[in-house]
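**Q** The working numbering puts the last residue of the sequence shown at 281; the count rises by one with no breaks.
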Amino acid sequence: MVEMKSDSEIAQMREAGKIVAEVLARVEEKIKPGITTGELDRLADETIAARGAQPAFKGYRGFPATLCTSVNEQVVHGIPGTRVLTEGDIISIDCGVLLNGFYGDAAKTFAVGQISEDKQNLLTVTEQSLMMGISKVAIGNRLSDISAAIQIYVEEKGMSVVRDYTGHGIGRQLHESPEVRNFGRPGRGPRLEKGMVLAIEPMVNLGVYQVNIERDKWTVITKDRMPSAHFEHTVAVTENGYDILTLLE
Ligand code: MG
Ligand code: MG
C-alpha cells in the first residue's frame, strides 16, 4: 500500500531533505585527491548531528556507516573507510536522514579532480536521466512513465540502467511502497496521486547493466568493472506536478 502524505507531512519531509542536501554540499567541498571515504563519512555524521537529525543508513540491515560511498565501478552501497580518493576517480555519495519521524534520501556522483570525458558524460547523462524521470511526476501519470523516461534517455546515450536496484516510496519509513524502477514500458503501475513521495534514483553504467556484490556483502559493482553513477532526489507529487524535497532551499 502506498502511504499518502499530507501537506504538513511533506513540509516535515522537506526539513529532512534539506539536511541531506546540506550534507551532500559539504561533502562535495571536501572531495579531492588524498581524502579518504571515511573522512567524508565523519563530516556527514557531524553535519547530521549538528542539525539534530539521525543518519538513516547506519544500522539499516546492519550497514555500518552514515554515507554510502561508491567509487568508479562501484554502483551503490560502498562502505566508507580507509580508501584514498585519487585524481580521475568518480564517487557516488548516497545519504539518508531521519528528522522528526520522516526520512529524506538523495545521492550524487562527484568528480575527483580531472576526470575522463567518458566519466564526465556518464555523470551528465545520469543526472539528466534523473531530471527526465522527475519531469514525468504529475497527477494522473503512471508510475512506469518515470521508469521508461529514464531508460529511454540513458539507452539513447549508449549507456545502461541497473535493473537489480530501484527507487522507492519514502516517508515514515526509508523504503516504502511503491518500487520505482529505472526501466520498463510506460503506462504501467499505479497512477500518481497528490501526496505520494518517491525517491527516484537512476544508477547508470557506462558498460553492461549487470552487477555483482563484493565480498563485503554490501558493495555493488558493475559486472564488467566499467564506471557507474547514481543520482537521487526525494520528490513529492503535488497539485502542480512535482516538488523536489532534497534541495538546499
Ligand atoms: Mg539514497
Ligand atoms: Mg533511496
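C-beta atoms are modelled at their ideal positions from N, C-alpha and C, and glycine is treated no differently.
Bear in mind that the values here come from a model prediction, so they are computed numbers and not experimental data.
#1: Assess contact between the region 194-201 and the region 213-227, defined as three or more Cβ pairs (one per stretch) separated by less than 8 Å. Is contact present?
#2: Return yes when the C-beta of Glu264 is under 6 Å from any heavy atom of ligand 1, and no when it is not.
#3: If Ile232 and Ile171 are in contact, beta carbons under 8 Å, what's the gap, nearest whole angstrom?
#4: Return the residue from the list Ala261, Gly273, Ala268 that minimises the CA-CA distance to Phe142.
#5: When you compare only the Cα positions, how much space is there between Arg115 and Ile202?
#6: Look up Thr158 in the DSSP assignment and say whether it is helix, strand or coil.
#7: What residue does the beta strand (DSSP E) around Val108 start on, and which one ends it?
#8: With a cut-off of 8 Å on the beta carbons, I'd call Gly110 and Thr98 a contact; round off their distance for me.
#9: Checking the sheet assignment: what are the DSSP bridge partners for Ser260?
#10: With a 10 Å radius around its C-beta and 16 neighbouring C-beta atoms as the bar for buried, classify Gln106 as buried or exposed.
#11: Return the CA-CA distance between Lys37 and Leu131, expressed in angstroms with no decimal places.
#12: When DSSP labels each residue in this structure, what does Gly94 get in the three-state scheme?
#13: Mind checking which residues open and close the alpha helix (DSSP H) that includes Ala48?
**A** Taking the structure as given:
#1: Judged by pairs of C-beta atoms under 8 Å, the region 194-201 touches the region 213-227, as three or more such pairs exist.
#2: Along the sequence shown, read from residue 1 onward, the residue named residue 264 stands at position 232. Distance from the C-beta of Glu264 to the nearest heavy atom of ligand 1 is below 6 Å.
#3: For the purposes of this step, residue 232 is taken as the residue at position 200 of the sequence shown. For the purposes of this step, residue 171 is taken as the residue at position 139 of the sequence shown. Between Ile232 and Ile171 a beta carbon distance of about 16 Å is seen, past the 8 Å cut, so the two are scored as non-contacting.
#4: As a working mapping, residue 142 is identified with position 110 in the sequence shown. Closest by C-alpha distance to Phe142, out of Ala261, Gly273, Ala268, is Ala261.
#5: Position 83 of the sequence shown, counted from the first residue, corresponds to residue 115. Position 170 of the sequence shown, counted from the first residue, corresponds to residue 202. The straight-line gap from Cα to Cα measures roughly 31 Å.
#6: As a first step, residue 158 is located in the sequence shown; it is residue number 126 there, counting from the start. In the structure shown, the three-state DSSP call for Thr158 is helix.
#7: Taking the first residue of the sequence shown as 1, we reach residue 108 at position 76. Going by DSSP, Val108 is part of the beta strand (DSSP E) stretching over 106-108.
#8: Within the sequence shown, numbered from 1, the residue matching residue 110 stands at position 78. Within the sequence shown, numbered from 1, the residue matching residue 98 stands at position 66. Actually they are not in contact, since the Cβ atoms of Gly110 and Thr98 sit about 13 Å apart, beyond 8 Å.
#9: The residue given as residue 260 occupies position 228 in the sequence shown. Paired residue(s): Asn237.
#10: Along the sequence shown, read from residue 1 onward, the residue named residue 106 stands at position 74. Taking every protein chain shown into account, the CB of Gln106 has 16 or more other CB atoms within 10 angstroms, so this residue is buried.
#11: As a working note, residue 37 is residue 5 in the sequence shown. As a working note, residue 131 is residue 99 in the sequence shown. Lys37 and Leu131: Cα-Cα distance of roughly 15 Å.
#12: On the sequence shown, residue 94 is found 62 positions in, with the first residue counted as 1. Residue state, collapsed to three classes: helix.
#13: As a first step, residue 48 is located in the sequence shown; it is residue number 16 there, counting from the start. It spans 39-62 - the alpha helix (DSSP H) in which Ala48 sits, taken as one unbroken run.
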